[in-house]
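A.B. asks:
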Amino acid sequence: MAGPLRFRRSPQQWSEKRVRRALLSELDDTIGATMSGPWFKPPGGYDARRFTMDNGDFALFCWNDSEAYWLGNTQTPSTLWRTDKYSFDEVPYPVARWAQRELLADLKDTDPWLARYDHVAWFFLPVFFSKDGRETTRRYFYDHASGFPDADRDEAIQFYEDLLDTGLLDEYRYTMASKLGTSARLDQTRMDATMGEFNAARLLIDAGYELVPEIDVHTGHTLDFRALKGTEDVIVEVTRPRPPTKRVANTPTAAVRDTAATKTNGQLSEHHDAVLFVDCTSFRDDEWNAVAGEQPNVHHEPAVVFRARPDGSFSGYKKGAVPLSLDSVIDWA
């Protein structure tokens with residue numbers, strides 16, 4: 119399975135003739151390829167070309183007298199096999215800006231329903247155009263309302279558009295976006311779990327916290343977030359139960375207890391001060407009402423059990439002394 123979309127950098131001299139010989143000819147011979155000019159003006163001092171493959175793959179290539187950058191979700195030409203990979207943030211800004219304009223224009227042409235959400239489209243570009251995940255990640259947002267049950271697709275995407283519009287996760291774009299996956303198989307459970315982290319991020323950001331994701335701790339585990347505000351410095355781990363209709367544990371409270379137990383026996387077994395967030399956004403109204411009414415224990419304190427709705431509202435309950443200021447954003451049961 120290929121990873122998220124990244125550039126390959128060649129520190130060699132390139133020319134139009136070499137591009138045709140080393141890139142186009144090899145691609146055309148193996149999978150069929152057409153080369154054309156870019157849709158947008160390339161970065162200053164660079165020449166650029168687009169490659170369209172017969173199987174639907176694409177690639178971009180730009181070069182100057184001393185270096186070249188390749189970006190594509192197709193097979194890598196052999197002359198670029200030993201080149202290093204770089205994210206959008208690690209290449210020169212003009213190169214990244216040009217490439218992203220090309221990709222966003224392509225997304226607008228193929229999936230205008232998604233491209234109109236500027237921040238979602240930009241943030242998830244590395245997976246929306248990944249080799250193996252480009253169809254499944256887009257289909258997740260289209261067919262599964264980003265993990266919200268009984269919700270309108272556009273309302274659900276707007277929830278994440280509002281979160282990403284803050285820019286507070288931009289620094290962690292590859293870390294967070296890549297979790298959505300680059301698999302050719304659509305795994306809704308895993309994708310829902312990923313978006314559970316975005317739900318928790320929205321809750322915390324709406325409450326005024328700055329976030330640092332993927333915190334390495336002394337036990338060798340990685341916990342989801344460090345939440346910072348004033349003197350508050352709190353580690354948060356997120357889990358998201360599958361709805362009871364899709365579990366062996368077929369009651370809402372059992373689904374919450376069983377899912378939380380896996381975290382308590384794993385990442386949180388030696389991190390008792392971390393706050394466990396249990397995201398029940400996948401639950402329908404009746405399922406959530408049962409959980410909120412019974413308020414089952416989750417094997418760990420402090421904990422916050424919550425559900426997000428596409429309008430940006432949160433409801434929930436807490437167990438233990440939660441060291442986070444969340445009263446302004448959660449309607450406590």
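When we follow our numbering, the leftmost residue of the sequence shown carries the number 119, and every step to the right adds one. Don't be surprised by glycine CBs; every beta carbon is placed ideally from N, CA and C. All of these numbers come straight from a predicted model, not from anything done at the bench.
Return yes when the Cβ of residue 359 is within less than 7 angstroms of the Cβ of residue 343, no when it is not.
C.D. replies: Numbered from 1 along the sequence shown, position 225 holds the residue referred to as residue 343. Numbered from 1 along the sequence shown, position 241 holds the residue referred to as residue 359. Contact: no.
A.B. asks: What beta strand (DSSP E) runs, 3 residues minimum, are completely inside the stretch 201-285?
C.D. replies: Listed in chain order, they are 202-204.
A.B. asks: Taking all protein chains shown into account, decide if residue 303 is buried (16 or more other Cβ within 10 angstroms of its Cβ) or exposed.
C.D. replies: Position 185 of the sequence shown, counted from the first residue, corresponds to residue 303. Counting Cβ neighbours within 10 Å, residue 303 comes out exposed, since fewer than 16 surround it.
A.B. asks: Could you tell me whether the Cβ atoms of residue 417 and residue 377 are closer together than 7 angstroms?
C.D. replies: Within the sequence shown, residue 417 is the residue found at index 299, counting from 1. Within the sequence shown, residue 377 is the residue found at index 259, counting from 1. No, these two residues do not count as a Cβ contact at 7 angstroms.
A.B. asks: Going along the chain, which residues of its own chain have a beta-carbon closer than 7 angstroms to the beta-carbon of residue 226, five neighbours each way excluded?
C.D. replies: Here residue 226 corresponds to residue number 108 of the sequence shown, with the count starting at 1. Excluding sequence neighbours, residue 226 sits near 233.
A.B. asks: What first and last residue would you give for the beta strand (DSSP E) that runs through residue 434?
C.D. replies: For this step, residue 434 is matched to residue 316 along the sequence shown. Segment 432-437, the beta strand (DSSP E) holding residue 434.
A.B. asks: Please report the straight-line C-alpha distance between residue 145 and residue 266, rounded to a whole angstrom.
C.D. replies: As a position in the sequence shown, residue 145 is number 27, starting the count at 1. As a position in the sequence shown, residue 266 is number 148, starting the count at 1. The straight-line gap from Cα to Cα measures roughly 41 angstroms.
A.B. asks: Considering only C-alpha positions, which residue in the set 434, 175 and 301 is nearest to residue 258?
C.D. replies: Numbered from its first residue, the sequence shown carries residue 258 at position 140. Answer by Cα proximity: 301.
A.B. asks: Along the chain, where does the alpha helix (DSSP H) that runs through residue 149 open and close?
C.D. replies: Position 31 of the sequence shown holds residue 149. Where residue 149 is concerned, there is no enclosing alpha helix (DSSP H), given that its DSSP letter is neither H nor E.
A.B. asks: Determine the contact status of residue 185 and residue 122, defining contact as a CB-CB distance below 7 angstroms.
C.D. replies: What you label residue 185 is simply residue 67 of the sequence shown in a count that begins at 1. What you label residue 122 is simply residue 4 of the sequence shown in a count that begins at 1. No. Outside cutoff.
A.B. asks: Would DSSP call residue 135 helix, strand or coil?
C.D. replies: Taking the sequence shown and counting its residues from 1, the one referred to as residue 135 is at position 17. Reduced to three states, the DSSP call for residue 135 is helix.
A.B. asks: Any chance the stretch 213-220 sits against the stretch 169-180, with 3 or more Cβ pairs inside 8 angstroms?
C.D. replies: Output reads yes: the stretch 169-180 touches the stretch 213-220.
A.B. asks: Pair every Cβ in the stretch 238-246 with every Cβ in the stretch 285-294, then say whether three or more of these pairs are closer than 8 angstroms.
C.D. replies: Result yes; three or more Cβ-Cβ pairs closer than 8 angstroms.
A.B. asks: Drop a sphere of 10 angstroms on the beta-carbon of residue 264, count the other beta-carbons inside from all chains shown, and report buried for 16 or more, exposed for fewer.
C.D. replies: Start at 1 with the first residue of the sequence shown, and residue 264 comes out as number 146. Under this definition residue 264 is a buried residue.
A.B. asks: Compute the distance between the beta-carbons of residue 249 and residue 317, then report whether it is under 7 angstroms.
C.D. replies: Your numbering for residue 249 matches position 131 in the sequence shown. Your numbering for residue 317 matches position 199 in the sequence shown. Against a cut-off of 7 angstroms, the Cβ pair of residue 317 and residue 249 comes out as no contact.
A.B. asks: Specify the secondary structure class of residue 287 as computed by DSSP and reduced to three states.
C.D. replies: Here residue 287 corresponds to residue number 169 of the sequence shown, with the count starting at 1. Coil, per DSSP.
A.B. asks: With a Cβ-Cβ cutoff of 7 angstroms, do residue 433 and residue 425 count as a contact?
C.D. replies: Working through the sequence shown from its first residue, we reach residue 433 at position 315. Working through the sequence shown from its first residue, we reach residue 425 at position 307. Yes, they are a contact pair.
A.B. asks: Rounded to a whole number of angstroms, what is the C-alpha to C-alpha distance between residue 158 and residue 327?
C.D. replies: Counting from 1 along the sequence shown, the entry for residue 158 is found at position 40. Counting from 1 along the sequence shown, the entry for residue 327 is found at position 209. In a straight line, the C-alpha of residue 158 is about 38 angstroms away from that of residue 327.
A.B. asks: Quick one: Cα of residue 125 to Cα of residue 206, how far?
C.D. replies: On the sequence shown, position 7 is the one that residue 125 refers to. On the sequence shown, position 88 is the one that residue 206 refers to. Approximately 7 angstroms, taken between the alpha carbons.
A.B. asks: Using only alpha-carbon positions, find the residue among 391, 415, 370 and 351 that is nearest to residue 403.
C.D. replies: As a first step, residue 403 is located in the sequence shown; it is residue number 285 there, counting from the start. Closest option to residue 403, Cα to Cα, is 370.
A.B. asks: By Cβ distance below 8 angstroms, which residues in the same chain neighbour residue 374 in space, the five residues on each side in sequence not counted?
C.D. replies: Within the sequence shown, residue 374 is the residue found at index 256, counting from 1. Excluding positions up to five away in sequence, the list reads 359, 396, 398, 409, 414, 416 and 423.
A.B. asks: What span of residues does the alpha helix (DSSP H) with residue 159 cover, start to end?
C.D. replies: Reading the sequence shown from its first residue, position 41 is the one you call residue 159. Unbroken run through residue 159: none, as it is neither H nor E.
A.B. asks: For the putative contact between residue 279 and residue 235, defined by C-beta atoms under 8 angstroms, what is the C-beta separation to the nearest angstrom?
C.D. replies: As a first step, residue 279 is located in the sequence shown; it is residue number 161 there, counting from the start. As a first step, residue 235 is located in the sequence shown; it is residue number 117 there, counting from the start. Right, the Cβ-Cβ distance comes to about 5 angstroms (below 8 angstroms), so this counts as a contact.
A.B. asks: What is the DSSP secondary structure of residue 199, counted as helix, strand or coil?
C.D. replies: Against the sequence shown, residue 199 aligns to sequence position 81. DSSP places residue 199 in coil when its eight states are reduced to three.
A.B. asks: Please work out which residues of its chain come closer than 6 angstroms, Cβ to Cβ, to residue 247, disregarding the five sequence neighbours upstream and downstream, and give them in chain order.
C.D. replies: What you label residue 247 is simply residue 129 of the sequence shown in a count that begins at 1. If we look at residue 247 and ignore the five residues flanking it on each side, its Cβ neighbours are 123, 191 and 221.
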